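K.L.:
Dumping the structure here so I can ask a few things about it.
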Amino acid sequence: GAGVSQTPSNKVTEKGKYVELRCDPISGHTALYWYRQSLGQGPEFLIYFQGTGAADDSGLPNDRFFAVRPEGSVSTLKIQRTERGDSAVYLCASSLRGLDTGELFFGEGSRLTVL
Amino acid sequence: LAKTTQPISMDSYEGQEVNITCSHNNIATNDYITWYQQFPSQGPRFIIQGYKTKVTNEVASLFIPADRKSSTLSLPRVSLSDTAVYYCLVGDGMNYGGSQGNLIFGKGTKLSVKP
Chain P
147 GAGVSQTPSN KVTEKGKYVE LRCDPISGHT ALYWYRQSLG QGPEFLIYFQ GTGAADDSGL
207 PNDRFFAVRP EGSVSTLKIQ RTERGDSAVY LCASSLRGLD TGELFFGEGS RLTVL
Chain V
825 LAKTTQPISM DSYEGQEVNI TCSHNNIATN DYITWYQQFP SQGPRFIIQG YKTKVTNEVA
885 SLFIPADRKS STLSLPRVSL SDTAVYYCLV GDGMNYGGSQ GNLIFGKGTK LSVKP
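Those sequence lines, one after another, are chains P and V.
Under my numbering, the first residue of the first sequence is numbered 147, with each subsequent residue one higher.
Under my numbering, the first residue of the second sequence is numbered 825, with each subsequent residue one higher.
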């Protein structure tokens with residue numbers, strides 16, 4: 147597709163379960179970002195990939211959160227032993243390395259609800 | 825990374841010009857100023873980016889004074905569809921593909937446009 151695609155759009159799970167959220171960036175975009183957004187708040191940075199490697203993972207809240215991008219395209223955010231506080235919209239964005247406008251293209255997000 | 829301060833909310837009427845000011849007192853020499861717009865249930869969308877003086881595109885203008893410690897997003901003749909949250913970000917726009925991927929979103933300014 148033309149834009150950043152995120153699946154699932156909605157995910158309801160129970161506390162303690164494992165969750166995977168997928169992001170398919172714009173073709174050719176080497177930079178990929180994960181953010182999460184709680185109601186009434188701005189997006190909170192989680193992790194940034196440049197190619198296959200995590201260039202900055204300083205925003206991951208704890209070791210229950212992990213993200214991969216094995217082939218430098220699709221990325222998966224993995225959350226282990228989910229807690230109710232993990233409920234939020236998880237946003238993915240991509241950008242084209244070398245583009246000096248710094249424009250990030252966001253997907254519509256995956257809404258995670260932990261019961 | 826420079827922290828930004830924006831008004832929490834603003835009200836306007838259709839057809840008016842809206843100016844949203846953002847303060848970023850500790851902006852660094854290499855930092856660019858970028859504005860994003862976000863509608864409910866959607867990811868943020870890039871509006872405009874600038875470094876100094878004035879930048880204009882088809883949807884907005886960005887005014888940056890000489891000291892760069894603030895910036896003003898100007899939306900001409902707003903319509904109901906401009907009702908959204910607007911975020912001001914400050915970061916190294918030339919190096920989004922570098923080691924610093926952490927782009928900080930604040931709480932943004934909720935703009936309500938009334939008929």
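Even for Gly, the Cβ is constructed at its ideal location relative to N, Cα and C.
Bear in mind that the values here come from a model prediction, so they are computed numbers and not experimental data.
Distance cutoff 7 Å, beta carbons only. Does Pro189 of chain P sit that close to anything in chain V?
P.N.:
Within the first sequence, numbered from 1, the residue matching residue 189 of chain P stands at position 43. Taking Cβ atoms only, chain V reaches closer than 7 Å to Pro189 of chain P, which makes this a yes.
K.L.:
With a CB to CB cut of under 7 Å and the five nearest residues on each side skipped, what residues in its chain are close to Ala234 of chain P?
P.N.:
For the purposes of this step, residue 234 of chain P is taken as residue 88 along the first sequence, with counting starting at 1. Closer than 7 Å at the Cβ level, and outside the excluded window around Ala234 of chain P, lie Arg182, Gln183, Ser184 and Leu258.
K.L.:
Taking Cβ-Cβ distances shorter than 7 Å, what residues in chain P pair up with Leu897 of chain V?
P.N.:
The sequence position of residue 897 of chain V within the second sequence is 73, counting from 1. The premise fails here: Leu897 of chain V is roughly 15 Å from chain P at the closest Cβ pair, so nothing lies under 7 Å.
K.L.:
Count Cβ pairs between the stretch 827-841 of chain V and the stretch 187-198 of chain P that sit closer than 8 Å; are there 3 or more?
P.N.:
no
K.L.:
Would you mind telling me which residues of chain V sit closer than 8 Å to Glu254 of chain P, beta carbon to beta carbon, in chain order?
P.N.:
Counting from one through the first sequence, the residue named residue 254 of chain P turns up at place 108. Correct list: Ser865, Gln866 and Gly867.
K.L.:
In terms of DSSP beta bridges, what is Val879 of chain V paired with?
P.N.:
Taking the first residue of the second sequence as position 1, residue 879 of chain V is located at position 55. Answer is V:Leu886, bridged to Val879 of chain V.
K.L.:
Would you report the Cα separation of Pro216 of chain P and Thr198 of chain P, rounded to the nearest angstrom?
P.N.:
For the purposes of this step, residue 216 of chain P is identified with residue 70 of the first sequence, where counting begins at 1. For the purposes of this step, residue 198 of chain P is identified with residue 52 of the first sequence, where counting begins at 1. If you take the alpha carbons of Pro216 of chain P and Thr198 of chain P, they lie about 6 Å apart.
K.L.:
Leaving aside the five residues before and after Pro900 of chain V along the sequence, list all residues of the same chain whose C-beta is less than 7 Å from its C-beta, in chain order.
P.N.:
For the purposes of this step, residue 900 of chain V is taken as residue 76 along the second sequence, with counting starting at 1. Result list for Pro900 of chain V: Glu841, in chain order.
K.L.:
Can you check whether the C-beta of Phe929 of chain V is within less than 7 Å of a C-beta belonging to chain P?
P.N.:
Along the second sequence, one-based indexing puts residue 929 of chain V at 105. Yes, its Cβ sits closer than 7 Å to a Cβ of chain P.
K.L.:
List the residues of chain P that Gly932 of chain V touches, going by C-beta distances under 8 Å, in chain order.
P.N.:
Sequence index remark: in the second sequence, residue 932 of chain V carries index 108 (1-based). Here the neighbours are Gly188.
K.L.:
What are the residues of the stretch 192-216 of chain P that lie near chain V, defined by any Cβ-Cβ distance shorter than 7 Å?
P.N.:
Tyr194, Gln196, Ala201, Asp202, Ser204 and Gly205
K.L.:
Any residues in the stretch 224-240 of chain P with a beta carbon nearer than 9 Å to a beta carbon of chain V? Which ones, in chain order?
P.N.:
Val235, Leu237, Cys238 and Ala239
K.L.:
If I measure Cβ to Cβ from Glu229 of chain P and keep anything under 7 Å in the same chain, skipping five residues before and after, which residues do I get?
P.N.:
Counting from one through the first sequence, the residue named residue 229 of chain P turns up at place 83. Around Glu229 of chain P: Lys161 and Val260.
K.L.:
Taking CB distances under 7 Å as the criterion, tell me whether Tyr911 of chain V reaches chain P.
P.N.:
Sequence index remark: in the second sequence, residue 911 of chain V carries index 87 (1-based). Judged by the 7 Å Cβ criterion, Tyr911 of chain V is in contact with chain P.
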